[in-house]
Each structure stands twice: as C-alpha cells, then as structure tokens.
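Below you'll find the structure, written out as structure tokens, and then a few comments.
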Amino acid sequence: MVGAIFTIRQQNDEHWGAARRAGFWETKRRIEVEPGDPLLFWLTGAKHLLGVAEASREVERATYSNAVPRPWNDDESYEYRYWFEPVDLDLPTATWQQLVVQLGLKPTTSALVAPLKLDRALSQVVADLTQLGGNRPPVDLDAYRHHRRQSRDRASVGPEWVEPTGGPTRTKTGKVFSRDPQVVDRGLAGHENTVVSLARWLRDQGVSATTAGAVNYDLEWTVNGQQYVAEVKSLRDQNELSQIRLGIGEVLDFSYQLGGAIPVLVVEQEPVRVDRWMEVCRGAGIRLVWPGSLDEILPWGPIAAR
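The sequence shown begins at 8 in my numbering and counts up one residue at a time.
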C-alpha cells in the first residue's frame, strides 16, 4: 500500500472544498497510489491537516473538458489526477513535524517537497491520527465504509425512470392566479421534455437512471462507480437568470445530500449567456448541459453502468 501527502497553500484553502466536490486532486508529480490508499491534505501557512481521503481509482493523466472541468481557479498546469472519497475523521491538532514522524517519515521532511510518498495503509494512517489526537476514540474503518455505502444507497434509492405517457401536465386556474397558466404549462412541459431527453440519452448509453427517492432530484445515475445527480430547469430568455441561479443552488444541495455525487444542471436550451454560466458552473464543480449537447459535454468513454 502506498499513500500520499499533498499540501495546499493557505491562500488556496478553498481548493480543498472544490476538490471534495469534484472528487479529485491534481499535481505535477506522480505517486502510484491505488484504490484504497490514503491521501492526506496539509494546509501550509495555517499549518494544519485539512482532510483525509481514500483513493478511489488509480492515478490518471489530468485532462480538462466540459465533462471534467477545472474545479479551481489558478494558472497552474497539472499532469496527474488522483480520484478520491473523503474520510470524515476528527482531525488532530498537530505540527507538521509531529505529523510526519507519526506517519513514519523523517522529522526533517519538508512540506515544500510535497506530494510525498507515504508507505502506510489507510487503516494505519487512521490509527496514527487517532494516536496524535490523544483521547479520541479509534475509528473502525470497515464500519465507516459500510456506513458511507449505506448512506449513499439510502439517499439515492428511487424508482427507475419510466417514460411518461399521455399529454402534458395542465395547471388549473384558481380564483386568484398571479401567473399566466399558459406560461406555467409551457414551463412544466419544457421541464418534462428535458427530463425525457436526458433519460433517453442515458438509456441509449446503457445507463439506467432513477427518479427521486429520499432526495428530490430529477434524475440520478452511476457511471464507472461515480454517482451523478441532475436538476432540470425549463428555460426561456426572459427567465434565464432566475432559473439557472435556482438550479445551481438546488443541484449543489442534492449533491451534498447524496454524499458528493457529481452535480449536473440540465437546462431546456442553450443559455443566451452561455459563456458566463459555463464559467460559473465550472467554478462550482457543476456540469451544465442541455439537449443536443449531451454527446459533446458528457463524453464518459467506456461505460460500466450499474
């Protein structure tokens, strides 16, 4: 087993949150970690441990596309990508020297030469950090993994998407109706048609999507072990600002409730301010797509669907 210690500059501390949402970290130097290996993140300047994660894939070349956008805003060029799942531990307060000694490295090891190779299994890293934490109770890693899987499964459970039959949904006019029912109907039809377009496209790729379970998303699916969650928004030029802003907040919340699923915002048509919204969504780790662009924006490659 081989792990790695990464460092994050204090002025870039928001990169840890972006990495958690994206599910990966990137560096210029390669360390051959494998699924299950430990990944540690140290914040320089503030000088404390930011987080612990478990590698979920082998290291791969870093390539950016609309499907996997750059989750952080800087001018650096990275060559290698480390996919991971966070391990939520009660992190100890320790100096860099205390940390590296506890992890079996030399006291003179500098954070400036990170990423550092770590000859430790994740279970040993958890034990080391528990020991540094003093009176903290030990963490049962197998129980934690089981709980993480159960939480993800419970959150994402929902019926398989079934193509709707019959005509579009109609809105009844009440005694007081502040919005034109025809406008509401058009929005409902646009939403439903966009959901159908996405679900059909997924089905054509061999992916089975589910509708909402405990979390009220529009569609959810898993590809190559990575869970995705989609929020669908009807869209017209007149309501682009409010609809996309609303969709961004909703899909980020769904992603959080599902334990870090990749958020996908699907709008009915290409936005007028497409460059602006692509940049906003890229910064938040959201895939922004619309019917007609799915093949281009979500090129997953070989799909191993559940």
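Ideal Cβ positions, reconstructed from N, Cα and C, are used throughout, including at glycine. Note that the structure is a prediction, hence the values are computed from the model and not measured.
Please go through the region 65-116 and give each complete beta strand (DSSP E) segment of 3 or more residues, from N-terminal end onward. 87-94
Residue 11: first and last residue of the uninterrupted alpha helix (DSSP H) it sits in: Per DSSP, residue 11 belongs to no alpha helix (DSSP H); it is in the beta strand (DSSP E), 10-15.
From what residue to what residue does the beta strand (DSSP E) around residue 224 run? Element bounds for residue 224: n/a, residue is neither H nor E.
What residue range does the alpha helix (DSSP H) around residue 28 cover? Here the alpha helix (DSSP H) through residue 28 covers 21-29.
What is the DSSP secondary structure of residue 255, counted as helix, strand or coil? Of the three classes helix, strand and coil, the one that applies to residue 255 here is helix, per DSSP.
Do residue 122 and residue 11 come within 8 Å of each other at the CB atom, strictly closer than that value? yes
Can you tell me where the alpha helix (DSSP H) holding residue 134 begins and where it ends? 129-139
Please return the same chain residues whose Cβ sits closer than 8 Å to the Cβ of residue 37, not counting the five positions on each side in sequence. 66, 86, 87
Judging by CA-CA distance, which residue of 247, 24, 209, 242 is the nearest neighbour of residue 79? 24
Find out if the Cβ-Cβ distance for the pair residue 294, residue 77 is shorter than 8 Å. no
Residue of 149, 199, 117 minimising C-alpha distance to residue 131: 149
Do the region 257-274 and the region 224-240 make contact, defined as three or more Cβ pairs closer than 8 Å? yes
Looking at residue 273 and residue 217, is the spacing between their C-beta atoms short of 8 Å? no
Using the DSSP secondary-structure output, state which residues sit across from residue 270 in a beta bridge. Residue 270 is bridged by DSSP to 236.
Segment contact flag, the region 104-118 with the region 17-31, C-beta cutoff 8 Å, min 3 pairs: no
Would residue 16 and residue 52 be called neighbours here (beta carbons separated by less than 8 Å)? yes
Own chain residues within Cβ distance below 6 Å of residue 198, not counting five before or after: The residues are 239, 241.
May I ask you to report which of helix, strand or coil DSSP gives residue 199? helix
Could you check what DSSP says for residue 242 in three-state terms: helix, strand or coil? DSSP places residue 242 in coil when its eight states are reduced to three.
Could you give the DSSP three-state label for residue 208: helix, strand or coil? Here residue 208 carries a helix assignment [DSSP, helix/strand/coil].
Counting only beta-carbon atoms, is residue 295 nearer than 8 Å to chain D? Absent here is chain D; the protein component of the structure consists of one chain.
Simplified DSSP assignment, three categories, for residue 58: strand
Work out the CA separation of residue 265 and residue 111 for me, nearest whole Å. C-alpha separation (whole angstroms): 35 Å.
State the DSSP-derived secondary structure class of residue 277, mapped to helix, strand or coil. coil
Neighbourhood of residue 31 by C-beta distance below 7 Å, restricted to the same chain and skipping five residues each side: 88, 89, 90, 91
When burial is assigned at 16 or more other CB atoms within 10 Å of the CB, is residue 138 buried or exposed? exposed
What's the call for residue 61, buried or exposed, on a 16-neighbour Cβ count within 10 Å? buried
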